[in-house]
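Right, one structure below, let's go through it.
Number of protein chains: 2
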Amino acid sequence: MCELLAMSANVPTDICFSFTGFLHRGGGTGPHRDGWGIAFYEAGGYRDFRDPHPSVRSPIARLICDYPIKSHIAISHIRQANVGGVRLANTHPFTREMWGRTWCYAHNGQLAGWEALPLGVYRPVGDTDSEHAFCWLLDQLRQRFPERPSNDDARQQLWRWLHRLCERLRGFGVFNLLLADGDYLYTFCSTKLVHITRRAPFGKAALSDAELTVNFAEHTTPNDIVSVVATEPLTCNESWLAMRPGELLVWRLGEIVARYDEEGHG
Amino acid sequence: MCELLAMSANVPTDICFSFTGFLHRGGGTGPHRDGWGIAFYEAGGYRDFRDPHPSVRSPIARLICDYPIKSHIAISHIRQANVGGVRLANTHPFTREMWGRTWCYAHNGQLAGWEALPLGVYRPVGDTDSEHAFCWLLDQLRQRFPERPSNDDARQQLWRWLHRLCERLRGFGVFNLLLADGDYLYTFCSTKLVHITRRAPFGKAALSDAELTVNFAEHTTPNDIVSVVATEPLTCNESWLAMRPGELLVWRLGEIVARYDEEGHG
Chain Y
1 MCELLAMSAN
11 VPTDICFSFT
21 GFLHRGGGTG
31 PHRDGWGIAF
41 YEAGGYRDFR
51 DPHPSVRSPI
61 ARLICDYPIK
71 SHIAISHIRQ
81 ANVGGVRLAN
91 THPFTREMWG
101 RTWCYAHNGQ
111 LAGWEALPLG
121 VYRPVGDTDS
131 EHAFCWLLDQ
141 LRQRFPERPS
151 NDDARQQLWR
161 WLHRLCERLR
171 GFGVFNLLLA
181 DGDYLYTFCS
191 TKLVHITRRA
201 PFGKAALSDA
211 ELTVNFAEHT
221 TPNDIVSVVA
231 TEPLTCNESW
241 LAMRPGELLV
251 WRLGEIVARY
261 DEEGHG
Chain Z
1 MCELLAMSAN
11 VPTDICFSFT
21 GFLHRGGGTG
31 PHRDGWGIAF
41 YEAGGYRDFR
51 DPHPSVRSPI
61 ARLICDYPIK
71 SHIAISHIRQ
81 ANVGGVRLAN
91 THPFTREMWG
101 RTWCYAHNGQ
111 LAGWEALPLG
121 VYRPVGDTDS
131 EHAFCWLLDQ
141 LRQRFPERPS
151 NDDARQQLWR
161 WLHRLCERLR
171 GFGVFNLLLA
181 DGDYLYTFCS
191 TKLVHITRRA
201 PFGKAALSDA
211 ELTVNFAEHT
221 TPNDIVSVVA
231 TEPLTCNESW
241 LAMRPGELLV
251 WRLGEIVARY
261 DEEGHG
């Protein structure tokens, strides 16, 4: 199993604390030695850092911990390879441009029969089930919505369609998803995703995987809202909420703005 | 004027020496303070590092110097903003996927009337003339070649078409180009691009912009072929060749494999 980590916040926030715990799972406390990546949507654009080596020994991972990049949305992934060799082209997160936005995607799980998903505009560069599913997903969105939805009604139609597509992919196996377009973070649970929203009054948090405690009150202002989504809880002294299988959450500025469940209710 | 740097090599080679001199131009010896980026095609895939801050002070740039990434093709760009604000979305190199390959692009120069270039599948994320021209260029290639050319004849047709598209863009202003697809590096000269090919017997080279000398003989094997393309010569004790305006060079494994000139001769 790979590990997923995402953040949505209403102010540019660094993910160093969560990422420090998270990357210990990449060959440290966890078995995920087959590469890692992290993507940031900053005010001025998008960038990602990927490395096909274990995260605990990666100088690039150390840079990310030491050089706080502040973003509204971040997505990270630690890989344990199943489909596709250990190489950079198979290292999440994957990105494609659609509607003049950079879309970022990370997947946890394994699909069966994914080769049958038809491809259109987007083609995989590597050879993983994950990237193939991403290309299919974006193409399906694009076919239904040739232009970017520009009002609330159209956005909700888009999200409902995204939920149906995720449900279809769940039919192929395990499909825990992190997806973002710079404005919204989408998280879909197939088997395992938990989340936490931190807001005033802020308290202390202690990492489960490393000896590190942070007092968020010292690093925040009273209006900050910061949510973190992960495969497993990253802290040992806070209550994380579990997503339900078949559930899609749409996040914006640290808060859930839409929720679609197994029965298709929005 | 921005500054361009590219490398094509027949063995995975780090670009640290050239990049060290190059990045001094980003707010050091040069006026290019508006961000920088570097992209690597490694055996296993593609990755890039971009920063909207001056390269001389960038911790990410320091990492690139200290942590040698070995690649067959690298492309780098230091920006002096003219069209589009100083932000990450406007920071070269730009990338898009076409035919299941990651295409990487960096541009030096300024275009006039570029807004009229019609867009198709690819849309700009930022607001530069450079990215708009890239989206147009890829879409034009894709329209003419829906699938990736798979033999020499088709490839030469592609390159000839690419040369014609570059010539059209040169009609809009200054268009010095670095473009790559992982196999081939394409360099098009509108006003200024120079290149050098290093092979056995290797000698010493001294940077023009920083106090650094390297003896390539100590870092190479007799079969290595490494070519560097840049806006200006990076070393002060070697002979760099100037490209001609309107010339497209196609590089593979450190050598020029095709050349198209102003009259359209291949």
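In the order they appear, the protein sequences are chains Y and Z. 1 is the number of the first residue of the first sequence in full-length UniProt numbering; add one for each residue after it. 1 is the number of the first residue of the second sequence in full-length UniProt numbering; add one for each residue after it. Glycine residues also receive a C-beta, built at the ideal position from the N, C-alpha and C atoms.
Using CA atoms only, rank isn't needed, just tell me which of the options is closest to residue i.
i              : options                           : result
residue 135(Y) : 122(Y), 126(Y), 144(Y) and 129(Y) : 122(Y)
residue 233(Y) : 254(Y), 211(Y) and 192(Y)         : 192(Y)
residue 194(Z) : 251(Z), 224(Z), 244(Z) and 83(Z)  : 244(Z)
residue 55(Y)  : 140(Y), 155(Y) and 33(Y)          : 33(Y)
residue 39(Z)  : 84(Z), 81(Z) and 105(Z)           : 105(Z)
residue 239(Y) : 225(Y), 221(Y), 197(Y) and 215(Y) : 197(Y)
residue 260(Y) : 167(Y), 254(Y) and 206(Y)         : 167(Y)
residue 162(Z) : 102(Z), 212(Z), 52(Z) and 140(Z)  : 140(Z)
residue 181(Y) : 172(Y), 155(Y), 210(Y) and 52(Y)  : 155(Y)
residue 101(Y) : 6(Z), 138(Z), 124(Z) and 60(Z)    : 124(Z)
residue 127(Z) : 82(Z), 171(Z), 151(Z) and 165(Z)  : 82(Z)
residue 93(Z)  : 220(Z), 63(Z), 3(Z) and 171(Z)    : 3(Z)
residue 115(Y) : 172(Y), 5(Y), 53(Y) and 164(Y)    : 172(Y)
residue 142(Y) : 165(Y), 204(Y), 151(Y) and 152(Y) : 165(Y)
residue 179(Y) : 262(Y), 79(Y) and 74(Y)           : 74(Y)
residue 103(Z) : 185(Z), 211(Z), 62(Z) and 86(Z)   : 185(Z)
Could one say the Cβ of residue i lies closer than 8 Å to chain Y's Cβ atoms, at least one of them?
i              : result
residue 88(Z)  : yes
residue 114(Z) : no
residue 60(Z)  : yes
residue 125(Z) : yes
residue 46(Z)  : yes
residue 167(Z) : no
residue 197(Z) : no
residue 101(Z) : yes
residue 147(Z) : no
residue 247(Z) : no
residue 42(Z)  : yes
Excluding five sequence neighbours on each side, which residues of the same chain lie with their C-beta closer than 8 Å to the C-beta of residue i?
i              : result
residue 65(Y)  : 16, 19, 20 and 23
residue 12(Z)  : 42, 43, 70, 71 and 72
residue 241(Z) : 194, 195 and 196
residue 213(Z) : 204, 205, 206 and 207
Specify, as a first and last residue, the run of the alpha helix (DSSP H) that residue i falls within.
i              : result
residue 130(Z) : 129-144
residue 199(Y) : Residue 199(Y) -> not in any alpha helix (DSSP H); beta strand (DSSP E) instead, spanning 194-199.
residue 153(Y) : 152-170
residue 210(Y) : Residue 210(Y) -> no alpha helix (DSSP H), and no H or E assigned at all.
residue 63(Z)  : 59-66
Label residue i either buried or exposed according to how many other C-beta atoms from any shown protein chain fall within 10 Å of its C-beta, with 16 as the threshold for buried.
i              : result
residue 248(Z) : buried
residue 97(Y)  : buried
residue 45(Y)  : buried
residue 131(Y) : buried
residue 221(Z) : exposed
residue 177(Z) : buried
residue 133(Y) : buried
residue 14(Z)  : buried
residue 48(Z)  : buried
residue 111(Y) : buried
Leaving aside the five residues before and after residue i along the sequence, list all residues of the same chain whose C-beta is less than 6 Å from its C-beta, in chain order.
i              : result
residue 256(Y) : 249
residue 159(Y) : 250 and 258
residue 175(Y) : 109, 169 and 190
residue 199(Y) : 225
residue 50(Y)  : 37 and 91
residue 254(Z) : 8, 9, 10, 225, 226 and 227
Of all Cβ atoms in chain Z, is any one closer than 8 Å to the Cβ of residue i?
i              : result
residue 97(Y)  : yes
residue 122(Y) : yes
residue 63(Y)  : yes
residue 144(Y) : no
residue 52(Y)  : yes
residue 67(Y)  : yes
residue 91(Y)  : yes
residue 238(Y) : no
residue 232(Y) : no
residue 255(Y) : no
Spatial neighbours of residue i within its chain, please: CB distance less than 7 Å, with the 5 preceding and 5 following residues excluded, ordered by chain position.
i              : result
residue 296(Z) : It is not possible to answer for residue 296(Z), since the shown part of chain Z is limited to 1 through 266.
residue 99(Z)  : 147 and 148
residue 88(Y)  : 50 and 52
residue 84(Y)  : 90, 126, 127 and 128
What residue does the beta strand (DSSP E) around residue i start on, and which one ends it?
i              : result
residue 102(Y) : 101-108
residue 12(Y)  : 3-14
residue 189(Z) : 185-189
residue 232(Y) : Run containing residue 232(Y): none; DSSP gives neither H nor E here.
residue 220(Z) : Element bounds for residue 220(Z): n/a, residue is neither H nor E.
residue 39(Y)  : 36-42
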